[in-house]
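Working notes, structure below.
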Amino acid sequence: MVKVIASSLRKGSVVDMEGKLYVVLTAENIHPGKGTPVTQLSMRRISDGVKVSERWRTTEQVERAFVDDRNYTFLYSDGEGFHFMNPESYHQVVVTPEIVGDAAPWLEDGMTVMLSTHDGVPIALELPRLVTVEIVETEPAVKNQTASSSYKPAILANGARIMVPPYIAAGTRVVILTEDGSYQERAKD
Numbered sequence: 309m310v311k312v313i314a315s316s317l318r319k320g321s322v323v324d325m326e327g328k329l330y331v332v333l334t335a336e337n338i339h340p341g342k343g344t345p346v347t348q349l350s351m352r353r354i355s356d357g358v359k360v361s362e363r364w365r366t367t368e369q370v371e372r373a374f375v376d377d378r379n380y381t382f383l384y385s386d387g388e389g390f391h392f393m394n395p396e397s398y399h400q401v402v403v404t405p406e407i408v409g410d411a412a413p414w415l416e417d418g419m420t421v422m423l424s425t426h427d428g429v430p431i432a433l434e435l436p437r438l439v440t441v442e443i444v445e446t447e448p449a450v451k452n453q454t455a456s457s458s459y460k461p462a463i464l465a466n467g468a469r470i471m472v473p474p475y476i477a478a479g480t481r482v483v484i485l486t487e488d489g490s491y492q493e494r495a496k497d
């Protein structure tokens, strides 16, 4: 175990509290006008999935667990979970739906992701920042309509629903930010 200051913890970091491992879901450094700056963390206990919230002074020491971060290739999902393969050793691991969480719709066959493991057990997953997906259904594009602040709903090939500019038509490939599922731009391909 390594001691680090609380303000250095980020999403995906793994901490050890009283012998139990927690993965950080959100980390926010709060600097009030008066008083001591604090780090507010939302975490999930790896053993049973219980979510907890902790607050530390930003300079407090926290036990950080050793985690192995490696690139894995997504293969497929079934009733057992999500199957990933290490491209160097061809070793396959199964990741539970609880760990994949909101990332599930963005996973595509052959996609490279960063998988964090502790003692060989998958504990966290990080997707590429941007993915390109085709729109399968949306309202028709209106001629001469330029980009404006109004967006319209669209359904992607992976089943996810997003909001897109009015000039985007069905069949268009778009770039999506995986963190929040927001439209970024039309794909260049």
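Using the numbering used here, the first residue of the sequence shown is number 309, and each one after it goes up by one. Built from N, CA and C at the ideal position, the CB exists for glycine as well. Just so it is clear, the structure is predicted and the values come from calculations on it, not from any experiment.
Three-state class that DSSP yields for residue i in the structure shown
{"i": "Y409", "result": "The sequence given here places Gly at residue 409; Tyr does not occur at that position. In the structure shown, G409 sits in a helix (DSSP, three-state: H, G or I)."}
{"i": "A314", "result": "helix"}
Alpha-carbon spacing of residue i relative to residue j, whole angstroms
{"i": "S316", "j": "D324", "result": "15 Å"}
{"i": "K311", "j": "S321", "result": "13 Å"}
{"i": "P436", "j": "L383", "result": "16 Å"}
{"i": "A412", "j": "E493", "result": "21 Å"}
{"i": "T334", "j": "L349", "result": "6 Å"}
{"i": "G343", "j": "R363", "result": "14 Å"}
{"i": "K359", "j": "V482", "result": "34 Å"}
{"i": "M419", "j": "P345", "result": "39 Å"}
{"i": "N379", "j": "D497", "result": "25 Å"}
{"i": "D356", "j": "I476", "result": "43 Å"}
{"i": "S397", "j": "E447", "result": "46 Å"}
{"i": "H426", "j": "E388", "result": "20 Å"}
{"i": "V429", "j": "M393", "result": "14 Å"}
{"i": "D377", "j": "S385", "result": "21 Å"}
Pair within 8 Å by beta-carbon distance, residue i and residue j
{"i": "T440", "j": "A495", "result": "yes"}
{"i": "R352", "j": "V370", "result": "no"}
{"i": "A314", "j": "R372", "result": "no"}
{"i": "A468", "j": "G489", "result": "yes"}
{"i": "T486", "j": "L438", "result": "yes"}
{"i": "L390", "j": "V375", "result": "Contrary to the premise, residue 390 reads as Phe rather than Leu in this sequence. Taking 8 Å as the Cβ cut-off, F390 and V375 do not qualify as a contacting pair."}
Cβ-Cβ separation, residue j to residue i (assumed contact under 8 Å), whole Å
{"i": "E445", "j": "I463", "result": "4 Å"}
7 Å Cβ shell around residue i - same chain, five flanking residues per side excluded
{"i": "N337", "result": "S315, P345, T347 and T366"}
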